[in-house]
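*Asks:* Each position in the sequence shown, counted from 1, maps to that position plus 458 in the working numbering. Glycine residues also receive a C-beta, built at the ideal position from the N, C-alpha and C atoms.
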Amino acid sequence: MAGDTETKLEVDAASAFAPRHAPLVVDESSQELGIRNKDDQDFNRVKITQKDLGSLSIIGSLTKVEYGTWAGQDACLIAFRFQFQKGNATTFRFSKADIVIEFQARPPGNPDDDPVVVRYGPKYLRSRGTVEKRDWHYTASLSATAGVQGVFEAGPAIEFGPRGTYSRQYAAVVESDDWGNRKHRRPNCVKIWMREDEKQEDGIPLELNAAIVVQTNRSCQASVSIKVDSIFNLIARPWSRDDPLLLEPGVNFGPPIRQTPNLDFSTITSEEWRQLVTPDLRFRGGNDEGGVASQPIGHVPI
Numbered sequence: 459m460a461g462d463t464e465t466k467l468e469v470d471a472a473s474a475f476a477p478r479h480a481p482l483v484v485d486e487s488s489q490e491l492g493i494r495n496k497d498d499q500d501f502n503r504v505k506i507t508q509k510d511l512g513s514l515s516i517i518g519s520l521t522k523v524e525y526g527t528w529a530g531q532d533a534c535l536i537a538f539r540f541q542f543q544k545g546n547a548t549t550f551r552f553s554k555a556d557i558v559i560e561f562q563a564r565p566p567g568n569p570d571d572d573p574v575v576v577r578y579g580p581k582y583l584r585s586r587g588t589v590e591k592r593d594w595h596y597t598a599s600l601s602a603t604a605g606v607q608g609v610f611e612a613g614p615a616i617e618f619g620p621r622g623t624y625s626r627q628y629a630a631v632v633e634s635d636d637w638g639n640r641k642h643r644r645p646n647c648v649k650i651w652m653r654e655d656e657k658q659e660d661g662i663p664l665e666l667n668a669a670i671v672v673q674t675n676r677s678c679q680a681s682v683s684i685k686v687d688s689i690f691n692l693i694a695r696p697w698s699r700d701d702p703l704l705l706e707p708g709v710n711f712g713p714p715i716r717q718t719p720n721l722d723f724s725t726i727t728s729e730e731w732r733q734l735v736t737p738d739l740r741f742r743g744g745n746d747e748g749g750v751a752s753q754p755i756g757h758v759p760i
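1. DSSP three-state label for serine 513, please.
2. In this structure, how does DSSP classify arginine 664 when only helix, strand and coil are distinguished?
3. Could you pull the DSSP bridge partners for tryptophan 731 from this structure?
4. Quick check on threonine 725: does DSSP put it in helix, strand or coil?
5. So the candidates are Gly661, Ala555, Pro713, Arg503; which of them puts its Cα closest to the Cα of lysine 544?
6. Would the beta-carbon of asparagine 495 fall within 8 Å of that of glutamine 562?
7. Starting from the N-terminal side, write out each stretch of the beta strand (DSSP E) that is 3 residues or longer and does not extend beyond the segment 541–575.
8. Quick check on DSSP: helix, strand or coil for threonine 623?
9. Can you grab the Cα-Cα spacing for the pair lysine 505 / isoleucine 493, in whole Å?
10. Of the choices Glu706, Glu659, Val576, Tyr582, whose alpha-carbon is the least far from that of glycine 638?
11. Closest to histidine 642 by CA distance: which of Leu514, Asn502, Val574 is it?
12. Report yes or no: do three or more beta-carbon pairs, one from the segment 722–734 and one from the segment 516–531, lie closer than 8 Å?
13. Tell me, to the nearest whole angstrom, how far the beta carbon of valine 558 is from that of serine 683; I am working on the premise that it is less than 8 Å.
14. How do the segment 649–661 and the segment 499–519 stand: do at least 3 beta-carbon pairs fall below 8 Å, yes or no?
15. Kindly indicate which three-state DSSP category glycine 712 falls into: helix, strand or coil?
16. Among Arg644, Phe542, Asp497, which has the Cα closest to the Cα of lysine 685?
17. In terms of residues, what are the limits of the beta strand (DSSP E) holding alanine 529?
18. Can the beta-carbon of valine 523 be found less than 8 Å from the beta-carbon of asparagine 675?
19. To the nearest angstrom, how far is the alpha carbon of tyrosine 456 from that of glycine 622?
20. Using a 10 Å radius around the Cβ and a threshold of 16 neighbouring Cβ atoms, would you call arginine 640 buried or exposed?
21. Which stretch, first to last residue, makes up the beta strand (DSSP E) that contains serine 634?
22. Write down the C-beta distance between valine 632 and leucine 666 rounded to the nearest angstrom, noting that I regard them as a contact closer than 8 Å.
23. In the structure shown, what three-state DSSP assignment does lysine 505 receive?
24. Name, in chain order, the residues that DSSP records as bridge partners for glycine 518.
25. Looking at the structure shown, is lysine 649 part of a helix, part of a strand, or coil, going by DSSP?
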């Protein structure tokens with residue numbers, strides 16, 4: 459008995475220092491369950507995605523689906539609205555966001571069957587920002603005594619260089635680009651990057667409108683991923699993946715750009731395109747009586 463007791467104590471002592479792997483139990487009742495399609499014909503789902511953490515919310519919505527043509531081929535224009543609501547949060551803001559919109563044929567299969575991105579926007583937006591005067595002084599230092607073959611010896615240094623001032627503009631920036639992985643010969647994806655004004659530090663725009671034209675003549679789907687500041691994602695996880703947005707040829711959504719059937723999207727004017735991607739784009743501040751100071755964002759032609 460004594461031997462058995464000693465053996466048990468040795469095993470207990472050894473197990474006390476053994477690595478422990480505590481299982482992670484997820485409470486399904488409180489987990490973010492993602493946005494689901496009702497069935498395989500739930501086309502043009504308005505709510506694409508939503509993530510909430512207290513008064514903070516990230517919302518992606520569908521605003522327009524219109525079928526037409528591009529370069530004589532069937533095409534589809536899809537417009538989105540992304541909201542970054544801060545609510546009454548005082549210690550946290552959205553300083554950056556990365557949005558990825560990927561198009562695939564439905565059902566997914568051969569990459570060559572996937573929709574092809576031919577136009578998108580906004581490609582580049584920049585706020586008016588703030589301007590700061592800064593001083594600069596470039597100097598170079600040379601040893602007073604130099605040896606042969608480029609070997610410099612220690613000694614008094616001689617400094618020279620011009621001085622001056624320059625203006626630096628800090629501004630929130632929105633940029634986007636098309637993309638496709640190595641399996642795709644042509645782009646099937648759009649990536650959007652949003653960064654706050656480094657000087658003002660008042661967060662990214664509360665709202666962003668984006669639009670994409672893809673060439674496609676078949677059923678397809680769009681998967682939308684939004685990533686914001688790492689702290690938000692860390693605290694608010696786990697997220698479950700949203701169902702993709704289902705798109706079907708001929709099934710339009712929202713008011714048409716023009717009262718023109720089968721519109722050639724390459725004829726959309728700069729003003730029409732601006733209305734798709736930049737109307738009422740605002741920034742959050744805190745300088746006016748209501749606690750919100752807004753300023754419009756400037757843009758360059760698409």
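*Replies:* Straight from the coordinates:
1. Serine 513 falls in the coil class under three-state DSSP.
2. Just to set this straight, residue 664 is leucine in the shown sequence, not arginine. Correct three-state label for leucine 664: coil.
3. None, per the DSSP bridge assignment.
4. helix
5. Gly661
6. With respect to the 8 Å criterion, asparagine 495 and glutamine 562 are not classified as neighbours on the basis of their beta carbons.
7. 554–563
8. strand
9. Between lysine 505 and isoleucine 493, the alpha-carbon positions lie close to 7 Å from each other.
10. Val576
11. Val574
12. yes
13. About 5 Å separates the two Cβ atoms, so the contact holds.
14. Contact between the segment 649–661 and the segment 499–519 is absent, because fewer than three Cβ pairs lie under 8 Å.
15. coil
16. Closest option to lysine 685, Cα to Cα, is Phe542.
17. Counting along the chain, alanine 529 falls outside any beta strand (DSSP E), and DSSP gives it neither H nor E.
18. no
19. One cannot answer for residue 456 here, as it falls past the ends of the chain, which runs 459 to 760.
20. exposed
21. 631–637
22. 6 Å
23. strand
24. Thr507, Phe540
25. strand
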